[in-house]
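A.B. asks: 305 is the number that the working numbering gives the last residue of the sequence shown; the numbers go up by one with no jumps. Let me begin by handing over the structure; questions about it come next.
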Amino acid sequence: MAKETALVTGGGIGIGRATCLALAGAGYRVIVTDVLGEESAEVVGAIKLAGGEAEFLALDVTDTTNANNVIASVEKSHGAIDVIISNAGIAKKTPLASLTDEEWDETHEVDLKGMMRVIRAAVPAMREKKKGAIVCHASIAGTVYGWDEHVPYSAAKGGVAGLVRGLAAELAKDGIRVNGIAPGIVRSAQTLDEHHSLGQAGLDAFEPKIPLGRVGRPEDIADVAVFLVSDAARYVTGQIIVVDGGLTIGL
Ligand SMILES: NC(=O)c1ccc[n+]([C@@H]2O[C@H](COP(=O)([O-])OP(=O)(O)OC[C@H]3O[C@@H](n4cnc5c(N)ncnc54)[C@H](O)[C@@H]3O)[C@@H](O)[C@H]2O)c1
Numbered sequence: 055m056a057k058e059t060a061l062v063t064g065g066g067i068g069i070g071r072a073t074c075l076a077l078a079g080a081g082y083r084v085i086v087t088d089v090l091g092e093e094s095a096e097v098v099g100a101i102k103l104a105g106g107e108a109e110f111l112a113l114d115v116t117d118t119t120n121a122n123n124v125i126a127s128v129e130k131s132h133g134a135i136d137v138i139i140s141n142a143g144i145a146k147k148t149p150l151a152s153l154t155d156e157e158w159d160e161t162h163e164v165d166l167k168g169m170m171r172v173i174r175a176a177v178p179a180m181r182e183k184k185k186g187a188i189v190c191h192a193s194i195a196g197t198v199y200g201w202d203e204h205v206p207y208s209a210a211k212g213g214v215a216g217l218v219r220g221l222a223a224e225l226a227k228d229g230i231r232v233n234g235i236a237p238g239i240v241r242s243a244q245t246l247d248e249h250h251s252l253g254q255a256g257l258d259a260f261e262p263k264i265p266l267g268r269v270g271r272p273e274d275i276a277d278v279a280v281f282l283v284s285d286a287a288r289y290v291t292g293q294i295i296v297v298d299g300g301l302t303i304g305l
């Protein structure tokens, strides 16, 4: 059987990287996209070394022309995209007292509009094929909690939940499922950032509050994404799955 094509945004590091590897392990041809060329090339190399198929395409999700061109190029080579993982995201500390319009827009351009841009470009071919599965990464920040001094992030991630539900309702008749994942606290470059996020000490402090006893690993999110795009989740659409080790249900 021909390989299905999965495109991941922000696939060079962290949760995106783990998702690229997991998708390749599940038999997908993986289109690794990111603004990080070197890191993404490493991911492509790792997939090929393991016998999988992958390629890198530079994609800044804030750039509509770039997004349209990348999707067109993938479709030219491989036909309609079967799976999209909208993973690219930024999290910046932006206290309300000093929050600028530019900071608000920057986060929304990447974390919310960036998802729409890529999905919008890929959906026409998916619709024609009457098939597709999309996963967008929200966060427990914005969908369950608010994150102190991160209003744009919380708002954008809450918006991702709305994006998922709206798209799911609109695309169900075309055989396209759309779901979201709200990760809890996952060790990555994002959460290890001392200024903009928790840093190592903050991650350590969180650990005792997590019922399953540890901070998440990128693979914990990747495996759920692979499930959600698989046929095993064929009757699931419009849902935001919280993957947080039980953090939000407490002890
Ligand atoms: N790590 C966590 O605890 C956590 C929790 C909740 C949600 N999330 C979400 O999961 C996703 C992945 O997070 P992560 O922890 O792996 O983050 P990360 O910072 O490790 O990786 C983010 C990726 O997005 C890419 N990116 C940033 N701006 C981009 C742009 N303009 N265009 C294309 N790519 C861009 C980066 O280059 C990088 O590859 C994000 O959407 C994040 O908000 C993470």
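Glycine included, each C-beta is placed from N, C-alpha and C at the ideal position.
1) Exposed or buried, which one is THR161 when buried takes at least 16 other CB atoms within 10 Å?
2) Nearest to THR119 by alpha carbon, out of LYS146, ILE139, GLY168?
3) When DSSP builds the beta bridges, which residues end up paired with ARG318?
4) Is LEU90 near ligand 1, with its Cβ less than 6 angstroms from a heavy atom?
5) How is the alpha helix (DSSP H) around ARG231 delimited, first residue to last?
6) Taking the alpha-carbon positions, what's the GLU93 to ALA287 distance?
7) Would you say SER193 touches ligand 1, meaning its beta carbon is less than 6 angstroms from a heavy atom?
8) Locate the beta strand (DSSP E) running through ILE294, then write down its first and last residues.
9) Going by C-alpha to C-alpha distance, which of GLY256, GLY238, HIS249 sits closest to PRO265?
10) Find the nearest neighbour of GLY234 within the set PHE260, ILE194, TYR207, PRO262, judged by alpha-carbon distance.
11) Just to confirm my understanding: we take ASP165, look at its own chain, exclude 5 residues before and 5 after, and list those with CB closer than 6 angstroms. What are they?
12) Would you call the CB atoms of THR73 and ILE173 closer than 7 angstroms?
13) Can the beta-carbon of GLY299 be found closer than 7 angstroms to that of GLY270?
14) Are the segment 125–141 and the segment 100–107 touching, with three or more C-beta to C-beta distances below 8 angstroms?
15) Taking Cβ to Cβ, would you say ILE294 is nearer than 7 angstroms to ALA236?
C.D. replies: Taking the coordinates as given:
1) In the sequence shown, the residue the question calls residue 161 occupies position 107. When all chains shown are included, THR161 counts as buried.
2) The sequence position of residue 119 within the sequence shown is 65, counting from 1. The option with the nearest alpha carbon to THR119 is GLY168.
3) Residue 318 falls outside the range modelled here, since the chain spans only 55 to 305, and no answer is possible.
4) Position 36 of the sequence shown holds residue 90. Result yes, Cβ under 6 angstroms from ligand 1.
5) As a first step, residue 231 is located in the sequence shown; it is residue number 177 there, counting from the start. Per DSSP, ARG231 belongs to no alpha helix (DSSP H); it is in the beta strand (DSSP E), 230–237.
6) Here the question's residue 93 lines up with position 39 in the sequence shown. Here the question's residue 287 lines up with position 233 in the sequence shown. Just so you know, the alpha carbons of GLU93 and ALA287 end up roughly 30 angstroms apart.
7) The residue you call residue 193 lines up with position 139 of the sequence shown. Correct: SER193 has its Cβ closer than 6 angstroms to ligand 1.
8) In the sequence shown, counting from the first residue as 1, residue 294 sits at position 240. Segment 294–297, the beta strand (DSSP E) holding ILE294.
9) Start at 1 with the first residue of the sequence shown, and residue 265 comes out as number 211. Nearest C-alpha to PRO265: GLY238.
10) Along the sequence shown, read from residue 1 onward, the residue named residue 234 stands at position 180. Answer by Cα proximity: ILE194.
11) By 1-based counting over the sequence shown, the position of residue 165 is 111. Setting aside the 5 residues that flank it on each side, ASP165 is surrounded in the same chain by GLY143, ALA210, each with a C-beta closer than 6 angstroms to its C-beta; the list follows chain order.
12) Residue numbering aside, residue 73 sits at position 19 when the sequence shown is read from its first letter. Residue numbering aside, residue 173 sits at position 119 when the sequence shown is read from its first letter. Against a cut-off of 7 angstroms, the Cβ pair of ILE173 and THR73 comes out as no contact.
13) If you number the sequence shown from 1, residue 299 lands on position 245. If you number the sequence shown from 1, residue 270 lands on position 216. In contact: GLY299 and GLY270 (Cβ atoms closer than 7 angstroms).
14) Contact between the segment 125–141 and the segment 100–107 is absent, with fewer than three C-beta pairs closer than 8 angstroms.
15) Reading the sequence shown from its first residue, position 240 is the one you call residue 294. Reading the sequence shown from its first residue, position 182 is the one you call residue 236. In contact: ILE294 and ALA236 (Cβ atoms closer than 7 angstroms).
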